[in-house]
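One structure is given below, encoded as structure tokens.
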Ligand code: PEP
Ligand code: NA
Ligand code: MN
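Residue numbers (the UniProt record's numbering): 51 to 666.
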């Protein structure tokens, strides 16, 4: 079925071709930009990536030959490789991530702002000669299927073969994208340099990078410049930089949403399909929910995406969604047979691992893959490791990069737009937040999203003062002022038809009892919560009122065969008015950091919440 969503025409774009000297000139514009970047960065050669299998084979062969990739034992892990990063280059660098809008207020209090022309000049300084001794790769990429109704194309210039190979897994790359550019489709410019030029005769290292790093975004010209890091979120620019930070700005200007959300399909025993997008801060089980194995007979969950969802109102008044990516860049530690068997099965081969441990038999290992670690490993730094080493063998942020097509639960037709039935917001909260709450309407749901918070550690349990706010799980990924983003969400909601508007829920799998143990079993049993959501979507069960929103009426959350004591169930939904009023004050303080840009509708939601909490 083709979705009633259309790509914005050039006329709808806020950045007209006139503002962008490269766009609207077809391949000539692209060639002019490549030539300009090459003149600045002075690579030894330029390689235009075609995205072919032969090219992938040759790049991989070279990386193995030069030692930047280690081939795993093909008997256990065919066509799979291990990269070990520099010890200083293991994660996204939020302190060096910049949003360079012309107006500082446009970036908002949650982003690092830099004046665009000043940062551009600074970047030109560090980029000068930065690709010396290396190859400049031209990687045309598409987010969403090439030519798809919600797709966006771009080009990454990079001197990192690891980035080229990873982008080949995470996005659709190659010649098909060039055809789009030739046809005049608008595209996003991204430039990436490791910042590690090689002098004549200088030997390379396995993971070149620079201690000085910049992850710079220019939202007004839809442009990214990244310098000094080879790591995922800093270097695979289509992902966090374009698909979230730049796309959130394009979405604001064009009337759609770019979100840090997983995307799943739920099929009920009656055979009805529902599509759900869900936002969670890091380490709250996003990948596990995306790959959930239902504990409930007849209920099935299939995967469409694990990290990013784009959604756009259709002519039918519904909200249509895609996962713009083509692969998963997931955290390895904690991924095992017991926690996420689907992910383990996805990684059978054709996978690039980064910073995991190496087994003596040439396979990989990480904490949580098996209960008992192997007796000997080579750790992520390349050093000998035994279980008594007193340090993890895999880096806590070690990753796998794998094609979505290998996921055994990948939904049929996963790369076509689906109409959303529900949006879920979650966090990790030991206290206060109920297992599931349904928003009374869209604005109430936007309030849920805007006030997501998570507890960092067990030490913070029960202390409302130690919450970390991560609105919409977009804190590090929103390319403009977060308060304007909330206003944009409210605006998008007004374009949806009443019947077509997704229901919005808040969940918390992590509530603990007085003895400190989890009240809810989580994992596959979360299907029971999804089941209640579906029954609400179908309007087949009523809901009960709580001061926080709608909750399951007694008996409606199916706990048949589940070992949850009745008082634990009551505790999962208990509302402590005093702590909620204290939390409401924290929400007001948080809102105040955005000043007058906070939408009045969210201030009204906060006032209404306080009013309900004060009712006896
Ligand atoms: C990343 O760091 O590149 C990344 C995907 O981040 P996260 O897992 O925090 O979303
Ligand atoms: Na990260
Ligand atoms: Mn993410």
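Glycine residues also receive a C-beta, built at the ideal position from the N, C-alpha and C atoms.
Cβ separation of residue i and residue j, assumed to be a contact under 8 Å, to the nearest whole Å
i, j, result
"residue 281", "residue 176", "At roughly 18 Å, the Cβ-Cβ gap does not stay under 8 Å, so residue 281 and residue 176 are not in contact."
"residue 349", "residue 316", "7 Å"
"residue 84", "residue 96", "7 Å"
"residue 503", "residue 477", "6 Å"
"residue 247", "residue 179", "6 Å"
"residue 542", "residue 305", "7 Å"
"residue 139", "residue 279", "5 Å"
"residue 448", "residue 430", "6 Å"
"residue 622", "residue 517", "About 19 Å; that fails the 8 Å criterion."
"residue 183", "residue 252", "7 Å"
Opening and closing residue of the alpha helix (DSSP H) in which residue i lies
i, result
"residue 363", "It is not in any alpha helix (DSSP H) - residue 363 instead sits in the beta strand (DSSP E) that spans 359-363."
"residue 538", "532-544"
"residue 595", "First-last for residue 595: 593-596, but that is the beta strand (DSSP E), not the alpha helix (DSSP H)."
"residue 350", "Counting along the chain, residue 350 falls outside any alpha helix (DSSP H), though it belongs to the beta strand (DSSP E) covering 350-355."
"residue 300", "297-304"
"residue 641", "627-642"
"residue 147", "No alpha helix (DSSP H) contains residue 147, which is instead part of the beta strand (DSSP E) from 147-149."
Close-in-space but distant-in-sequence residues of the same chain around residue i (CB under 6 Å, 5 per side omitted)
i, result
"residue 98", "188"
"residue 24", "The requested residue 24 does not occur in the structure, where the chain is confined to residues 51 to 666."
"residue 602", "582"
"residue 533", "644, 647 and 648"
"residue 300", "none"
"residue 164", "148 and 150"
"residue 437", "423"
"residue 535", "528"
Same chain, Cβ closer than 8 Å to residue i, five either side skipped, listed in chain order
i, result
"residue 415", "406, 407, 408, 409, 423, 424, 427, 443 and 444"
"residue 474", "326, 327, 328, 329, 554, 555, 556, 557 and 583"
"residue 358", "289, 293, 294, 308, 309, 310, 311, 373, 374 and 375"
"residue 232", "76 and 77"
"residue 609", "578 and 619"
Close beta carbons around residue i, own chain, < 7 Å, minus the five adjacent residues each side
i, result
"residue 156", "530 and 531"
"residue 136", "257 and 259"
"residue 318", "349 and 584"
"residue 661", "none"
"residue 617", "none"
"residue 82", "72"
"residue 446", "383"
Enclosing beta strand (DSSP E) for residue i [first to last residue]
i, result
"residue 553", "553-557"
"residue 601", "599-602"
"residue 308", "307-309"
"residue 403", "402-404"
"residue 329", "323-329"
"residue 378", "377-381"
"residue 609", "Neither: residue 609 is in no beta strand (DSSP E) and is coded neither H nor E."
"residue 582", "From DSSP, residue 582 is part of no beta strand (DSSP E) but of the alpha helix (DSSP H) over 577-587."
"residue 314", "312-317"
"residue 371", "369-372"
"residue 453", "449-453"
"residue 132", "131-133"
"residue 408", "407-409"
"residue 385", "Note, residue 385: premise wrong, no beta strand (DSSP E); not H, not E."
Can you give, in chain order, each stretch of the beta strand (DSSP E) that sits fully within the stretch 66-108 and has at least 3 residues?
95-98
Given 8 Å, three or more beta-carbon pairs between the stretch 552-569 and the stretch 373-380
no
With contact counted as at least three CB pairs below 8 Å, one residue from each stretch, are the stretch 387-394 and the stretch 210-224 in contact?
no
Stretch-stretch touch, CB-based, cutoff 8 Å, three pairs: the stretch 319-338 with the stretch 230-247:
no
Three-pair Cβ contact test at 8 Å for the stretch 450-460 versus the stretch 388-403:
yes
Whole beta strand (DSSP E) runs in the stretch 178-230 with 3 or more residues, listed along the chain?
185-193 and 202-208
Between the stretch 565-577 and the stretch 331-344, do at least 3 Cβ pairs fall closer than 8 Å?
yes
Pair every Cβ in the stretch 364-373 with every Cβ in the stretch 458-477, then say whether three or more of these pairs are closer than 8 Å.
yes
Would you call the stretch 261-268 and the stretch 101-117 touching, i.e. three or more CB-CB distances under 8 Å?
no
Would you mind listing the alpha helix (DSSP H) stretches within the stretch 467-519 that are 4+ residues and don't spill past its ends, in chain order?
492-500
What are the complete beta strand (DSSP E) segments, minimum 3 residues, inside the stretch 229-283?
237-243, 264-268 and 273-277
Should the stretch 190-198 be called in touch with the stretch 217-228, which here means at least 3 C-beta pairs below 8 Å?
yes
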